[in-house]
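Structure record follows, encoded as structure tokens.
Next up, the structure:
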């Protein structure tokens, strides 16, 4: 299965702020190449998925959450956002609405 990975600027900024490594990103990309639908769909976002990733030695439960969308027809996975589990449990309703608009634009490009 082929996919191109695209990081939106907010994702890249947060990834660096959280101290996540290129190795963790490669592992995430490989996991999504094998199963692009592995993350849980977040309702009300137009198809965004959330997946847990480990953050250092904290394991998955103390790790981070990556928000992404797989545009299967284009063969592109967009990394939209990342946050530490300790920061918040889920996206806010305002974030969901904003990201839904972003997903719509990405699907129409």
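Residue numbers (the numbering used here): -6 to 102.
By construction, the Cβ of each residue, glycine as well, lies at the ideal position given by its N, Cα and C atoms.
For residue 23, there is no enclosing beta strand (DSSP E); the residue is part of the alpha helix (DSSP H) that begins and ends at 15 to 27. Judged by DSSP in its simplified three-state form, residue 102 adopts coil rather than helix or strand. The Cβ atoms of residue 96 and residue 8 lie no closer than 9 Å to each other. For residue -3, the uninterrupted beta strand (DSSP E) run begins and ends at -3 to 0, by DSSP.
Nearest neighbour of residue 22 by Cα position, chosen from 41, 38, 14, -2, turns out to be -2. Residue environment analysis places residue 31 among the exposed positions, since fewer than 16 neighbouring C-beta atoms fall within 10 angstroms of its C-beta.
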